[in-house]
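**Q** Below you'll find the structure I mean.
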Amino acid sequence: MQRRELIALLGGTMAAWPLVARAQQSERMRRIGMITGIADGAAMRERLAAFLPALQRLGWIEGRNIQIEYRWAKGDPEALRRYAAELAALAPDVIVATGGATMTYMLQATRTVPIVFVIVPDPVGSGFVDSLSHPGGNATGFMQFEYSLSGKWLELLKQIAPGVTRAAVLWDPSVPAGIGQFAVIQSVAPALGIDVFPIKAINVAQIEHAISAFARTANDGLIVTANPATVFNRELIAALATRHKLPAVYSTRDFVTSGGLASYAADFLDQYRRAAEYVDRILKGEKAADLPVQAPTTYVLTINLKAAKALGLTLSPSLLARADEVIE
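Following the numbering used here, the numbering of the sequence shown begins with 1 at its first residue and continues without gaps.
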């Protein structure tokens, strides 16, 4: 490079420095909290891979104009409670919270910091918001499902295994979402010719004993509803279903990637992308109380062929053609 070209280049660069400095100084760093109790690291990384690029498309770049405080409890309720308190004390501009248990702790910790939630089954029944259209408090976000979806789990079980006449339903009656899910499943069961049997899913010993005691005939099946205990013990539940030859339909894809047979659930990656839009709106001045809670817009059918083979099931071509994801 010629000397005069080098001087010209440096001169132009030096002249630009004050402009760059002023631009950086004018762009205020905002703080976002992210908290989850999920134990599956791969699933959380996949969800972040949907959330962060969605934020970037809206102009929010980690390290440039946003700082993200991550709290990941890995299935530990006490850690989740502690992390919720930590995030609230930091008073970030907005918090993204995953799951109903996380929301319970977050709202115990703060009623002022804006919260955008994802994958929450019943935000109204759980007391997180006043209504779906007018949340009213410091939280809004995206529902895990509408209760009508629970009936489709039983319909799917009948399509997968037409001979099923008895189905155990793993649920948690201590939470509103558990009650709502079982009520819908129970309401559609007679039309499908299936007797349903509620099984409390609270801890490992309870789950193991209940499933083993239930599985007595070749016409039994299993529905696994959405609650923290089933998600945390998903590998155990999938293994028990295989051991006892129980065709099973699960409430989330995580069960199927852990060895379960089939799931029909909202597209959680889509929820994280849409959550980024709500974070953007809150950072730009809108209030969580004014942003309506949104139901899922897309659902995903996932089928595990290896699990089907282990259960001795032959799935129909039409069912496989409908699947959004088939795990070999």
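Ideal placement from N, C-alpha and C gives every residue a C-beta, glycine not left out.
Keep in mind that this is a model prediction, so the values were computed, not measured.
S318 by DSSP, collapsed to three states: which one?
**A** In this structure, S318 counts as helix in the three-state DSSP scheme.
**Q** Quick one: does the C-beta of D254 sit closer than 7 Å to a heavy atom of the ligand NAP?
**A** Judged by which ligands are present, the structure shown has none, so any question about the ligand NAP falls away.
**Q** Taking Cβ to Cβ, would you say Y278 is nearer than 8 Å to S263?
**A** No.
**Q** I'd like the list of long-range same chain contacts for L311, defined as Cβ closer than 7 Å, with 5 residues on each side in sequence excluded.
**A** Answer for L311: T242, K245, P247 and L261, listed in chain order.
**Q** Count Cβ pairs between the region 97-105 and the region 116-127 that sit closer than 8 Å; are there 3 or more?
**A** Yes, the region 97-105 is in contact with the region 116-127.
**Q** Tell me the DSSP secondary structure of Q144 in three-state form.
**A** Coil, per DSSP.
**Q** Is it true that the CB of P173 sits closer than 8 Å to the CB of S126?
**A** Taking 8 Å as the Cβ cut-off, S126 and P173 do not qualify as a contacting pair.
**Q** Can you tell me whether T36 is buried or exposed? The criterion is at least 16 other CB atoms within 10 Å of its CB, across all chains shown.
**A** Buried, by the Cβ-count rule.
**Q** How would you label L90, buried or exposed, when you count the other beta carbons within 10 angstroms and need 16 or more for buried?
**A** Label assigned to L90: exposed.
**Q** Start and end of the beta strand (DSSP E) containing A248?
**A** A248 to Y250 is the span of the beta strand (DSSP E), which, as asked, contains A248.
**Q** State yes or no: is the C-beta of I66 within less than 8 Å of the C-beta of I115?
**A** Contact flag unset, no.
**Q** Let me check one thing: in DSSP terms, what residues is Q67 bridge-paired to?
**A** For Q67, which the question treats as bridged, DSSP gives the partners R31.
**Q** What do you reckon, are the CB atoms on D254 and R234 nearer than 8 Å?
**A** Closer than 8 Å, so yes.
**Q** On the CB-based measure, 16 or more other CB atoms within 10 Å of its CB, does A23 come out buried or exposed?
**A** Bear in mind that the predicted position of A23 carries a pLDDT of just 44, short of 50, making it too unreliable to give a figure here.
**Q** According to the neighbour-count rule (16 or more other Cβ atoms, all chains shown, within 10 Å of its Cβ), is F145 buried or exposed?
**A** Answer is buried; the Cβ neighbour count reaches 16.
**Q** Could you check the C-alpha separation between L313 and I303 for me, to the nearest Å?
**A** Roughly 12 Å between the two C-alpha positions.
**Q** Starting from V279 and walking both ways along the alpha helix (DSSP H), at which residues does that stretch end?
**A** Per DSSP, V279 belongs to the alpha helix (DSSP H) from F268 to L283.
**Q** What residue ranges within the region 111-140 form continuous beta strand (DSSP E) runs of no fewer than 3 residues, ordered along the chain?
**A** Those beta strand (DSSP E) runs which fall completely within the region 111-140 and span 3+ residues are 115-120.
**Q** What did DSSP end up calling I207 once you bin it into helix, strand or coil?
**A** DSSP places I207 in helix when its eight states are reduced to three.
**Q** In the DSSP output, what is L170 paired with across the bridge?
**A** I199 and V224, per the DSSP bridge assignment.
**Q** Work out the CA separation of G180 and L80 for me, nearest whole Å.
**A** In a straight line, the C-alpha of L80 is about 25 Å away from that of G180.
**Q** So, are the CB atoms of L265 and Y299 less than 8 Å apart?
**A** As written in the sequence, residue 265 is Ala, which differs from the Leu given in the question. Cβ distance < 8 Å, so A265 and Y299 count as in contact.
**Q** State the start and end residues of the unbroken beta strand (DSSP E) segment that holds L301.
**A** Segment Y299 to N304, the beta strand (DSSP E) holding L301.
**Q** Between which two residues does the beta strand (DSSP E) harbouring V94 extend?
**A** Segment V94 to T98, the beta strand (DSSP E) holding V94.
**Q** Identify the continuous beta strand (DSSP E) that holds I327 and give its terminal residues.
**A** Its beta strand (DSSP E) spans residues E325 to I327.
**Q** Within a Cβ cutoff of 8 Å, which residues of the same chain sit near V164, ignoring the five residues on either side of it in sequence?
**A** Answer for V164: L157, K158, I194, N219, D220, G221 and P247, listed in chain order.
**Q** Cα separation between Y83 and A295?
**A** Distance between the alpha carbons of Y83 and A295 is about 27 Å.
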